[in-house]
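Trainee: The working numbering numbers the first residue of the sequence shown as 119 and each following residue consecutively.
Beta carbons: idealized from backbone N, C-alpha and C, even for Gly.
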Amino acid sequence: MVQVDSWTDYLMRQAQANHWKNLRDLQMHLIPYYRGEIAETTVRVEQITEERLAAARAEADTARQMMLNVAISWGAVLLLVVLGVNFALLRSIAEPLERLTQASTQLAAGRLETRVAIDRADEFGRLAQAFNEMADRLQALYNELEDRVRERTRALQEANYALQRRAIQLEATAEVSRSIISIFNVDELLRKAVDLIRDRFGFYHVGIFLMDEAGEWAVLREATGEAGAQMKAQGHRLQVGETSMVGWTALHRRPRIALDVGEDAVHFANPLLPYTRSEMTLPLMVGGRLLGVLDVQSTEEAAFDEDDIRTLQSMADQLAIAIENARRLSETAALLEATSPIYRFSRRLSTTITVEEVAETIIQTIAETEADGCVVVEFESSDGAPEALVYRGVWRRDRAPMLRPGMRITVDEAPLPVSLLGQMWVAENAQRDPRLPKPAQEFLRTADVGALVNIPLRVGDRPIGQVLIFRLLPGPFSLVSLRLYEVISDQAAVALERARLLERMRRRAEQEGALRDIADRITATFDLRTALQTTLQQLGQVLDAQGGYAELGIR
Numbered sequence: 119m120v121q122v123d124s125w126t127d128y129l130m131r132q133a134q135a136n137h138w139k140n141l142r143d144l145q146m147h148l149i150p151y152y153r154g155e156i157a158e159t160t161v162r163v164e165q166i167t168e169e170r171l172a173a174a175r176a177e178a179d180t181a182r183q184m185m186l187n188v189a190i191s192w193g194a195v196l197l198l199v200v201l202g203v204n205f206a207l208l209r210s211i212a213e214p215l216e217r218l219t220q221a222s223t224q225l226a227a228g229r230l231e232t233r234v235a236i237d238r239a240d241e242f243g244r245l246a247q248a249f250n251e252m253a254d255r256l257q258a259l260y261n262e263l264e265d266r267v268r269e270r271t272r273a274l275q276e277a278n279y280a281l282q283r284r285a286i287q288l289e290a291t292a293e294v295s296r297s298i299i300s301i302f303n304v305d306e307l308l309r310k311a312v313d314l315i316r317d318r319f320g321f322y323h324v325g326i327f328l329m330d331e332a333g334e335w336a337v338l339r340e341a342t343g344e345a346g347a348q349m350k351a352q353g354h355r356l357q358v359g360e361t362s363m364v365g366w367t368a369l370h371r372r373p374r375i376a377l378d379v380g381e382d383a384v385h386f387a388n389p390l391l392p393y394t395r396s397e398m399t400l401p402l403m404v405g406g407r408l409l410g411v412l413d414v415q416s417t418e419e420a421a422f423d424e425d426d427i428r429t430l431q432s433m434a435d436q437l438a439i440a441i442e443n444a445r446r447l448s449e450t451a452a453l454l455e456a457t458s459p460i461y462r463f464s465r466r467l468s469t470t471i472t473v474e475e476v477a478e479t480i481i482q483t484i485a486e487t488e489a490d491g492c493v494v495v496e497f498e499s500s501d502g503a504p505e506a507l508v509y510r511g512v513w514r515r516d517r518a519p520m521l522r523p524g525m526r527i528t529v530d531e532a533p534l535p536v537s538l539l540g541q542m543w544v545a546e547n548a549q550r551d552p553r554l555p556k557p558a559q560e561f562l563r564t565a566d567v568g569a570l571v572n573i574p575l576r577v578g579d580r581p582i583g584q585v586l587i588f589r590l591l592p593g594p595f596s597l598v599s600l601r602l603y604e605v606i607s608d609q610a611a612v613a614l615e616r617a618r619l620l621e622r623m624r625r626r627a628e629q630e631g632a633l634r635d636i637a638d639r640i641t642a643t644f645d646l647r648t649a650l651q652t653t654l655q656q657l658g659q660v661l662d663a664q665g666g667y668a669e670l671g672i673r
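1) With 16 as the cutoff for other CB atoms within 10 Å, does R372 come out buried or exposed?
2) Determine whether the beta carbon atoms of V512 and A610 lie at a separation below 8 Å.
3) Helix, strand or coil for E397 per DSSP?
4) Can you tell me the Cα-Cα spacing of L256 and A221, whole angstroms?
5) What separation, rounded to the nearest whole angstrom, lies between the Cα atoms of T417 and V605?
6) Go ahead and label Q584 buried or exposed: buried means 16 or more other beta carbons lie within 10 angstroms of its beta carbon, across all protein chains shown.
7) Tell me the rounded alpha-carbon separation between G410 and G568.
8) Could you name the residues of the same chain whose beta carbon sits closer than 6 Å to that of A532, not counting the 5 residues immediately before and after it, in chain order?
9) Name the two residues that bound the continuous beta strand (DSSP E) containing E360.
10) Quick one, which of E488, L412, Q436, F561 has its alpha-carbon nearest F321's?
11) Looking at A617: is its Cβ nearer than 8 Å to the Cβ of T470?
12) Start and end of the alpha helix (DSSP H) containing L467?
13) Of the choices Q357, R316, G325, R318, whose alpha-carbon is the least far from that of A332?
14) DSSP three-state call for F497: helix, strand or coil?
15) In chain order, which alpha helix (DSSP H) runs of at least 4 residues are fully inside the segment 510-592?
16) Classify W543 as buried or exposed, calling it buried when 16 or more other Cβ atoms lie within 10 Å of its own Cβ.
17) For my contact list, I636 and Y603 are in at a C-beta cut-off of 8 Å; report their separation, rounded to the angstrom.
18) Looking at the unbroken beta strand (DSSP E) that takes in L338, where does it start and where does it end?
19) Can you check which of these residues, G365, M363, L307, is closest to A341 by C-alpha distance?
20) Quick check: the Cα distance between D608 and F302, rounded to an integer number of angstroms?
21) Output the boundary residues of the beta strand (DSSP E) element that contains R374.
22) Kindly indicate which residue of R576, N443, D313, G406 has the alpha-carbon position closest to the one of E496.
23) Identify every residue that forms a DSSP beta bridge with V91.
24) Do V404 and I375 have their beta-carbon atoms positioned less than 8 Å apart in this structure?
25) Let me make sure I understand the geometry here. Which of L562, L171, L590 has the alpha-carbon closest to that of R515?
26) In whole angstroms, what is the alpha-carbon distance linking G578 and D501?
27) Please classify L198 as buried or exposed, where buried requires at least 16 neighbouring CB atoms within 10 angstroms.
28) To the nearest whole angstrom, what separates the beta carbons of G524 and P581, a pair I think is in contact under 8 Å?
29) Look at the Cβ atom of V294, then the Cβ atom of R309, and state whether they are nearer than 8 Å.
30) Alpha carbon to alpha carbon, what distance is there between E498 and E505?
31) Where does A235 fall in DSSP's three states?
32) Starting from M403, follow its DSSP beta bridges and name the residues at the other end.
33) Report all residues from its chain with a CB closer than 8 Å to the CB of T457; omit the five preceding and five following residues, and keep chain order.
34) Should T291 be labelled buried (16 or more other beta-carbon atoms within 10 Å of its own) or exposed?
35) Checking 8 Å against the spacing of the C-beta atoms, do S599 and E442 come in under that value?
36) Measuring CB to CB, does L586 end up less than 8 Å from L562?
Listed below in structure tokens is the structure:
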């Protein structure tokens with residue numbers, strides 16, 4: 119290469135010196151020579167290059183193998199490092215996640231006090247803190263909801279209790295109203311009212327005060343218990359004014375409640391009622407007019423409220439109406455009692471039970487008219503037609519009657535014809551009436567009967583008795599008396615039939631009881647003779663027989 123460079127420098131100098139002939143001579147001699155040298159050199163360069171390339175390849179393969187071995191070794195180490203790091207990383211992630219998962223599960227199961235321990239300041243620590251904050255809010259919300267539920271439940275229970283209490287009060291009010299609406303005696307009505315109000319509402323004491331004529335005093339007319347009886351006997355009354363709750367209500371005509379009688383300045387402390395803790399008074403008003411005051415007392419403090427006032431005031435209004443109606447009816451009844459024999463007869467007849475009481479009521483009513491005597495007769499019949507006559511009542515104004523109550527005669531022995539017994543007729547001159555046969559006229563003449571009225575007692579078309587009303591002197595009966603006799607005919611027949619049915623039911627009950635007694639005695643007796651004697655004795659008492667015998671057919 120140095121030689122080439124020298125020749126190159128020489129050629130450059132020759133060219134710069136314009137010795138081009140020398141250059142051509144050199145070219146002619148040197149180029150072939152050096153062409154061979156260049157070719158040989160090129161071959162040698164190629165050989166050297168291939169040798170060096172082969173060595174380089176060998177070194178490269180060796181280096182590659184060494185690098186591969188090193189890479190594998192470091193890869194294994196790196197893998198182990200990565201796995202360790204990953205395991206540690208996963209463990210550092212899994213443990214807090216597991217704690218969060220367990221805490222969430224417990225929280226979801228209702229253990230709201232569950233919290234996660236905060237032991238790190240990374241994302242998991244912040245997540246744990248957020249979880250705890252959420253649990254705090256959830257527990258606070260749950261506690262608030264529980265408080266609301268308890269409050270709502272308590273309110274609902276109180277509402278249900280109030281509704282049930284009001285329903286019971288309304289039912290009690292209706293029952294009291296139904297019970298007193300049909301009572302027209304004031305004293306009986308008041309007595310029934312206080313007992314019902316106390317029993318149905320569960321009060322300690324109930325009293326009804328009525329105003330006196332001057333309107334200055336509220337007088338106790340009825341009250342419950344022994345204390346009420348003592349106060350009535352003492353003539354207990356309270357003045358209208360501010361000195362008592364009854365007086366206050368009578369003055370202002372408004373309800374008043376004392377939730378705690380010990381703190382109420384108006385409450386009247388009654389020594390006969392030591393257990394009173396609360397009291398309510400209600401005005402008894404009818405058409406703006408004060409009749410009295412209803413006083414109710416309880417052994418419980420604060421036993422009354424506004425709903426009680428509305429409910430009990432409604433009952434008090436109905437009680438006031440019932441009292442007013444009873445008063446008016448009592449006044450009307452007193453007037454009718456004094457002026458109307460029909461009313462007196464109806465009232466008396468409504469209380470009769472036996473046939474004798476019905477007959478006595480008929481006689482009492484007829485004795486108040488122009489009649490001089492009467493006979494009440496009951497028919498005995500098995501098929502609807504009269505077969506015998508029983509005198510149930512006999513009355514005569516001037517002397518003792520010829521007939522006696524309890525007498526029984528057959529229809530054939532009757533002084534009047536059977537055909538006249540079932541219809542109403544009037545004989546102004548009974549001793550000469552052409553409808554009556556001669557024996558009947560003679561009987562009436564002997565009995566000093568001048569005028570006669572026959573009143574039939576019928577149930578439907580069936581005659582069950584009659585009432586014969588007479589006067590000593592002949593002449594017509596007044597229209598007022600005849601109207602009364604017609605009423606007696608209608609009402610007495612019903613009362614007589616009712617009494618007869620009651621009598622038959624009573625006798626049947628006695629007979630059934632006696633038969634059961636006979637059966638019990640026979641069952642308890644093992645001797646035939648004793649059993650038969652017992653049976654005959656008991657049957658004789660039941661049937662009112664004088665004697666009897668038992669016959670046994672033995673084969």
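Mentor: This is what the structure gives:
1) Locating residue 372 in the sequence shown gives position 254, where the first residue counts as 1. Exposed is the call here.
2) Residue numbering aside, residue 512 sits at position 394 when the sequence shown is read from its first letter. Residue numbering aside, residue 610 sits at position 492 when the sequence shown is read from its first letter. Not closer than 8 Å, so no.
3) Reading the sequence shown from its first residue, position 279 is the one you call residue 397. Here E397 sits in strand by DSSP.
4) On the sequence shown, position 138 is the one that residue 256 refers to. On the sequence shown, position 103 is the one that residue 221 refers to. Going from the Cα of L256 to the Cα of A221 covers about 13 Å.
5) Working through the sequence shown from its first residue, we reach residue 417 at position 299. Working through the sequence shown from its first residue, we reach residue 605 at position 487. If I take the Cα positions, the gap works out to 55 Å.
6) One-based indexing of the sequence shown puts residue 584 at position 466. So Q584 ends up on the buried side.
7) For the purposes of this step, residue 410 is taken as residue 292 along the sequence shown, with counting starting at 1. For the purposes of this step, residue 568 is taken as residue 450 along the sequence shown, with counting starting at 1. About 58 Å.
8) Residue 532 sits at position 414 when you count from the first residue of the sequence shown. For A532, where only same-chain residues beyond five positions count, the Cβ hits under 6 Å are L507.
9) Within the sequence shown, residue 360 is the residue found at index 242, counting from 1. Careful: E360 lies outside any beta strand (DSSP E) and carries neither H nor E.
10) For the purposes of this step, residue 321 is identified with residue 203 of the sequence shown, where counting begins at 1. Minimum Cα-Cα distance from F321 among the listed residues E488, L412, Q436, F561 corresponds to L412.
11) To locate residue 617, count along the sequence shown from 1; it is residue 499. To locate residue 470, count along the sequence shown from 1; it is residue 352. Yes, the Cβ-Cβ distance between A617 and T470 is below 8 Å.
12) Residue 467 sits at position 349 when you count from the first residue of the sequence shown. Element bounds for L467: 459-467.
13) Counting from 1 along the sequence shown, the entry for residue 332 is found at position 214. It is Q357.
14) What you label residue 497 is simply residue 379 of the sequence shown in a count that begins at 1. Looking at F497 - three-state DSSP - the assignment turns out to be strand.
15) 556-564
16) Within the sequence shown, the letter at position 425 stands for residue 543. By the neighbour-count rule (16 or more Cβ atoms within 10 Å), W543 is not buried but exposed.
17) Here the question's residue 636 lines up with position 518 in the sequence shown. Here the question's residue 603 lines up with position 485 in the sequence shown. Rounded, the Cβ-Cβ distance is 47 Å, inconsistent with contact.
18) On the sequence shown, residue 338 is found 220 positions in, with the first residue counted as 1. First-last of the beta strand (DSSP E) with L338: 335-341.
19) Counting from 1 along the sequence shown, the entry for residue 341 is found at position 223. Considering only alpha carbons, the answer is L307.
20) The residue labelled residue 608 in the question sits at position 490 within the sequence shown. The residue labelled residue 302 in the question sits at position 184 within the sequence shown. Approximately 25 Å, taken between the alpha carbons.
21) For the purposes of this step, residue 374 is taken as the residue at position 256 of the sequence shown. 374-376 is the extent of the beta strand (DSSP E) around R374.
22) Here residue 496 refers to the residue found at position 378 when the sequence shown is read from its first residue. Closest by alpha carbon: R576.
23) Residue 91 is absent from the model: the chain starts at 119 and stops at 673.
24) Along the sequence shown, one-based indexing puts residue 375 at 257. Along the sequence shown, one-based indexing puts residue 404 at 286. Cβ distance not < 8 Å, so I375 and V404 don't count as in contact.
25) In the sequence shown, residue 515 corresponds to position 397, counting from 1. The option with the nearest alpha carbon to R515 is L590.
26) For the purposes of this step, residue 578 is taken as residue 460 along the sequence shown, with counting starting at 1. For the purposes of this step, residue 501 is taken as residue 383 along the sequence shown, with counting starting at 1. Rounded to the nearest angstrom, the two C-alpha atoms are 15 Å apart.
27) The residue labelled residue 198 in the question sits at position 80 within the sequence shown. So L198 ends up on the exposed side.
28) For the purposes of this step, residue 524 is identified with residue 406 of the sequence shown, where counting begins at 1. For the purposes of this step, residue 581 is identified with residue 463 of the sequence shown, where counting begins at 1. The pair is not a contact, with the Cβ atoms about 20 Å apart (cut-off 8 Å).
29) As a working note, residue 294 is residue 176 in the sequence shown. As a working note, residue 309 is residue 191 in the sequence shown. Not a contact, by the Cβ cut-off of 8 Å.
30) Along the sequence shown, read from residue 1 onward, the residue named residue 505 stands at position 387. Along the sequence shown, read from residue 1 onward, the residue named residue 498 stands at position 380. Rounded to the nearest angstrom, the two C-alpha atoms are 6 Å apart.
31) Position 117 of the sequence shown, counting from 1, holds the residue named residue 235. Coil, per DSSP.
32) By 1-based counting over the sequence shown, the position of residue 403 is 285. DSSP, once it has assigned bridges, lists L408 as partnering M403.
33) The residue labelled residue 457 in the question sits at position 339 within the sequence shown. Note that T457 has pLDDT 49, beneath the 50 cutoff, so the model's placement of it is unreliable and the number below is only indicative. So the list is empty, once near-sequence residues are dropped.
34) Numbered from its first residue, the sequence shown carries residue 291 at position 173. Buried, because 16 or more other Cβ atoms sit within 10 Å of the Cβ of T291.
35) Residue numbering aside, residue 599 sits at position 481 when the sequence shown is read from its first letter. Residue numbering aside, residue 442 sits at position 324 when the sequence shown is read from its first letter. Not a contact, by the Cβ cut-off of 8 Å.
36) Residue mapping note: residue 586 aligns to position 468 of the sequence shown, counting from 1. Residue mapping note: residue 562 aligns to position 444 of the sequence shown, counting from 1. Result no, Cβ atoms of L586 and L562 do not sit closer than 8 Å.
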